[in-house]
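Residue numbers (our numbering): 301 to 640.
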């Protein structure tokens, strides 16, 4: 795989990682959908599956080059590099856009998911009673998740580890938003805002030669929470990848129909016309996170009125669909050029 990957392919792989990382942070959007539409989902799952007992033996024995090639290291390193950069750049831009242009951002994502459904479904010909039942179950599960009420924040390290395992479902299972699952578990702000900001601040403190943070118990606690969450995420990635690789190998048609169902169900989460419900304390006062932002509890969806704002939103939905169709066209064109 690596010998046929050109410099252009590698650059695009980093860009796909940027897209996947940004999607993972936005509640309701699944990074797995990006992987599926961009055409590297199966390679992603099978590469993660290679992180197994044999890989650890190679690592323990100091055979680092063999380990790197065995786990498709260049592919994973390029992809995860894009995700990490996205976490501290693209996702910050998305945070800003969602804050000031929420309706239009959700509209673009809504359109992209519609385009993704078309993309995955157009080449899927194995419709029968089993795949149709699986499709219906996937839709019901996806929709039911979108209407669950969130729990309260919990920084117990065992629960944080569990959140890490669950949150990566959005990377490995298209249609399942890991960040939205974290909202339901009550730990979105703790794990994707507060702890990440603590790491960001610590990074700049170290660069500037300021090590006073080692005397700040709250900062150290946030770094500990982030470390445990990361460990849980890695555990979840490896575990899910082994499970999904087995399912894809033995039950591919049923798996793809379930994925289509999950993605259709996720439209309920990214429905553009919704009012954000913020968390209140027992006295009815708004709760703010460590950055001064109001803590989101859930979303109240409604049907839009026909006005200019709605027309603009529809334009952005169409734009989202066209983005996916363009990516599909570009992918097919690239594959045709390589085959000549």
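Every residue, glycine too, gets a C-beta built ideally from N, C-alpha and C.
Which residue comes first and which comes last in the beta strand (DSSP E) that contains residue 576?
574 to 578
Nearest to residue 389 by CA position, among 315, 525, 529, is which residue?
315
Suppose the cutoff is 7 Å on Cβ atoms and the five residues either side in sequence are ignored; what does the same chain contact list for residue 454 look like?
486, 487
Rounded to whole angstroms, how far is the Cβ of residue 492 from the Cβ of residue 482, which I believe are closer than 8 Å?
6 Å
Residue range of the alpha helix (DSSP H) that includes residue 517:
517 to 550
Residue from 611, 629, 523, 476 whose Cα sits closest to the Cα of residue 562:
476
Can you tell me where the alpha helix (DSSP H) holding residue 501 begins and where it ends?
495 to 507
Beta-carbon within less than 7 Å of residue 411's beta-carbon, same chain only, minus the 5 sequence neighbours each way: which residues are those?
616, 617, 618, 619, 620, 621
Quick one: grab the DSSP three-state call for residue 599.
Of the three classes helix, strand and coil, the one that applies to residue 599 here is strand, per DSSP.
One question on the structure: do residue 465 and residue 535 come within less than 8 Å of each other, judged by their Cβ atoms?
yes
C-beta atoms of residue 342 and residue 548 nearer than 8 Å:
yes
Compare the beta carbon distance of residue 544 and residue 345 with 8 Å and say whether it is the shorter of the two.
yes
I'd like the list of long-range same chain contacts for residue 540, defined as Cβ closer than 6 Å, with 5 residues on each side in sequence excluded.
Cβ within range, chain order: 472.
To the nearest angstrom, how far is it from the Cα of residue 458 to the Cα of residue 525?
10 Å
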